[in-house]
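Residue numbering for the sequence shown follows the numbering used here, starting at 3 and increasing by one per position. Backbone N, C-alpha and C define an ideal beta-carbon position, used for all residues, glycine too. Predicted, not measured: the structure shown is a model, and the values here were computed from it. Worksheet: the structure to be examined is printed underneath.
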Amino acid sequence: MKIQLAVAALVLVVALQTPVGAQNAQRKSEMSVLVGQMMEKDVIAARGSFGGKPLGQYLIEPHVVYRSGYEKVPPAAMARWALALRDYVKLKGGGYAKYQQYVAESGKKEKLYPAFGTMKEEPAGPVEKAHVPYKWQKDFAKVWWGRQDHGYAKAVMKDWWLNDAVLDGTVLWTSYEANQVKSADAQAWRDAELAMMAKKK
């Protein structure tokens with residue numbers, strides 16, 4: 003049932019990603035910006051690569067070095083994946099815009115502490131409400147990479163590949179969104195989101 007839901011979501015995301023005209027041009031523009039951001043200093047610090055640390059996740063402890071085969075995927079395919087993951091998260095009611103909406107609805111702004119989640123007085127604060135569970139994202143990744151491949155089909159440790167892909171996709175799309183807004187709040191939201199993903203929440 004969960005895989006069927008992930009397939010249905012993938013079909014919808016693919017449909018959203020393959021429109022004609024202006025939307026297609028917007029997707030190409032997003033891809034171009036995201037691939038360019040992969041070479042920016044702050045993104046390289048967050049994920050390594052390009053002659054420095056091996057590709058991995060270096061924003062949140064514990065750091066993770068990707069060793070599943072995902073690290074060999076071309077940057078353009080990683081960018082496509084990150085945007086597909088972002089679309090899926092938005093489809094499921096997550097992302098920075100939803101976080102801002104939940105903050106506004108709560109009537110008070112929550113303080114973010116990236117390493118520890120959210121300081122809150124209610125059971126589910128804006129950060130948690132705007133978070134799509136790791137398991138759902140991993141199910142989506144399984145379907146997406148199963149259709150795209152780039153080595154996934156031959157990967158010995160597919161579970162590691164999916165974890166690497168979800169972590170890296172999250173680093174990329176949340177960095178992309180935070181760079182569009184350019185605020186300390188967006189950066190803190192990105193770190194809080196990644197902390198939950200690193201803990202597989």
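Proximity to residue i [Cα-Cα], best of the options
{"i": "Ala-157", "options": "Met-198, Val-75, Val-66 and Pro-128", "result": "Val-75"}
{"i": "Val-91", "options": "Ala-188, Val-168 and Ala-190", "result": "Val-168"}
{"i": "Lys-140", "options": "Glu-32, Trp-162, Ala-47 and Val-105", "result": "Trp-162"}
Residue i to residue j span [Cα, whole Å]
{"i": "Leu-85", "j": "Gly-171", "result": "8 Å"}
{"i": "Pro-135", "j": "Val-145", "result": "16 Å"}
{"i": "Tyr-184", "j": "Gln-103", "result": "As written in the sequence, residue 184 is Lys, which differs from the Tyr given in the question. So the alpha carbons of these two residues sit roughly 17 Å apart."}
{"i": "Tyr-60", "j": "Arg-69", "result": "14 Å"}
{"i": "Ala-155", "j": "Gly-54", "result": "28 Å"}
{"i": "Gly-71", "j": "Phe-142", "result": "18 Å"}
{"i": "Ala-11", "j": "Ala-186", "result": "Confidence is the limiting factor: at Ala-11 the pLDDT is only 45, short of 50, which leaves the residue's position unreliable, though a coordinate-based value still follows. Ala-11 and Ala-186: Cα-Cα distance of roughly 32 Å."}
{"i": "Lys-202", "j": "Ser-51", "result": "24 Å"}
{"i": "Ala-190", "j": "Leu-196", "result": "10 Å"}
{"i": "Lys-160", "j": "Val-35", "result": "29 Å"}
{"i": "Ala-48", "j": "Val-66", "result": "11 Å"}
Residue i - DSSP class collapsed to helix/strand/coil
{"i": "Gly-95", "result": "coil"}
{"i": "Val-168", "result": "helix"}
{"i": "Gly-127", "result": "coil"}
Burial state of residue i, where buried means 16 or more other Cβ atoms lie within 10 Å
{"i": "Ala-78", "result": "exposed"}
{"i": "Ala-132", "result": "buried"}
{"i": "Arg-149", "result": "exposed"}
{"i": "Met-80", "result": "buried"}
{"i": "Glu-73", "result": "buried"}
{"i": "Asp-89", "result": "buried"}
{"i": "Asp-151", "result": "exposed"}
Report yes or no: do the region 35 to 47 and the region 160 to 180 share at least 3 C-beta pairs separated by less than 8 Å?
Under the three-pair Cβ rule at 8 Å, the region 35 to 47 counts as touching the region 160 to 180.
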